[in-house]
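Residue numbers (UniProt numbering): 1 to 275. Some notes on the structure that comes next.
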């Protein structure tokens with residue numbers, strides 16, 4: 001008579017790996033979304049923006065902290081991918097993709113909830129918009145929209161599943177996990193150009209001129225746009241120019257500029273492609 005006492009895992013045990021894969025991947029996506037959009041594209045804050053220390057306020061330290069933060073998110077994502085690989089056979093079960101998508105949404109929202117409570121209000125190392133006159137408003141807006149609402153959406157999707165809640169290719173189950181990277185990509189593509197625009201009332205631009213541009217050429221360009229020079233670097237290629245009210249930065253491209261800040265397209269850089 002066999003004495004083998006090995007039993008198959010219970011349904012709850014079998015679901016653990018896939019469940020945590022969704023949680024960890026969603027959590028990592030939440031961190032990447034925060035870091036890429038708010039730290040780099042919009043540049044509303046860095047990880048340690050609110051730490052009042054001259055050493056920490058060094059931009060090199062700020063960028064290093066952001067990099068370490070992203071590295072930590074990579075580790076979380078790697079853990080999620082490892083669990084996803086281990087539980088890959090579960091995708092043959094009905095509703096497995098729904099569970100993964102729902103838990104990814106929950107993990108994404110949990111990241112923003114933890115970030116809001118811990119980083120914004122307990123530790124106070126940064127706020128969503130450091131330059132806002134009312135930072136709490138932005139904190140609460142982000143907390144609700146990307147935290148509470150996303151967790152609620154994930155919970156609703158998960159509750160709508162079940163044993164017969166959708167097969168491996170069910171569109172309702174696949175849609176959230178497919179849409180997440182698309183939405184993030186669109187957000188970055190839209191936020192990038194918007195972030196490139198100057199704040200209202202700012203008329204000073206940084207202008208990078210072509211190599212070989214003389215001071216006479218620069219002054220001619222400034223006169224053509226009715227502006228005035230504010231600063232120049234020792235190389236004579238980088239200048240700060242005040243365009244005044246109604247000044248046209250685009251006109252500088254016709255006078256040797258390669259790149260003008262606070263404009264959506266660096267059209268002068270196309271000169272590099274001329275033969």
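Here a beta-carbon is modelled for each residue, glycine too, at the ideal position from N, C-alpha and C.
Which listed residue (the options) has its alpha carbon closest to that of residue i
{"i": "residue 118", "options": "48, 19, 250 and 134", "result": "48"}
{"i": "residue 159", "options": "99, 230, 92 and 220", "result": "99"}
{"i": "residue 73", "options": "31, 52, 153 and 242", "result": "31"}
{"i": "residue 154", "options": "103, 243, 260 and 250", "result": "103"}
{"i": "residue 136", "options": "71, 120 and 109", "result": "120"}
{"i": "residue 279", "options": "219, 206 and 126", "result": "Because the chain spans 1 through 275 in this model, residue 279 falls outside it and cannot be assessed."}
{"i": "residue 89", "options": "18, 212 and 59", "result": "18"}
Below-8 Å beta-carbon distance, residue i vs any chain B residue
{"i": "residue 149", "result": "No chain B is present in this structure, which holds just one protein chain."}
Sequence-distant residues of the same chain with beta carbon closer than 8 Å to residue i, five excluded per side
{"i": "residue 124", "result": "50"}
{"i": "residue 214", "result": "236"}
{"i": "residue 112", "result": "30, 34, 142, 143, 146, 147 and 150"}
Inter-residue Cα distance where the pair is residue i and residue j
{"i": "residue 222", "j": "residue 235", "result": "18 Å"}
{"i": "residue 82", "j": "residue 66", "result": "24 Å"}
{"i": "residue 133", "j": "residue 64", "result": "27 Å"}
{"i": "residue 204", "j": "residue 85", "result": "53 Å"}
{"i": "residue 97", "j": "residue 54", "result": "48 Å"}
{"i": "residue 228", "j": "residue 254", "result": "17 Å"}
{"i": "residue 162", "j": "residue 16", "result": "Model confidence at residue 162 stands at a pLDDT of 43, short of 50, so the residue's coordinates are unreliable and nothing is read from them."}
{"i": "residue 239", "j": "residue 209", "result": "8 Å"}
{"i": "residue 41", "j": "residue 129", "result": "13 Å"}
{"i": "residue 68", "j": "residue 60", "result": "12 Å"}
{"i": "residue 249", "j": "residue 75", "result": "44 Å"}
One or two residues paired with residue i in a DSSP bridge
{"i": "residue 206", "result": "240"}
{"i": "residue 104", "result": "The partner list for residue 104 (beta bridge, DSSP) is empty, contrary to what the question assumes."}
Sequence-distant residues of its chain with Cβ nearer than 6 Å to residue i (five each side left out)
{"i": "residue 20", "result": "83"}
{"i": "residue 39", "result": "46 and 66"}
{"i": "residue 12", "result": "Interpretation of residue 12 is limited by its pLDDT of 49, a score under 50 that renders its predicted location unreliable; the figure taken from the coordinates is listed afterwards. Nothing listed; no residue qualifies."}
{"i": "residue 107", "result": "23, 26 and 27"}
Reduced DSSP category for residue i - H, G, I as helix; E, B as strand; rest coil
{"i": "residue 216", "result": "helix"}
{"i": "residue 40", "result": "helix"}
{"i": "residue 62", "result": "helix"}
{"i": "residue 94", "result": "coil"}
Beta-carbon contacts of residue i that lie in its chain and below 7 Å, excluding the five residues immediately before and after
{"i": "residue 115", "result": "34"}
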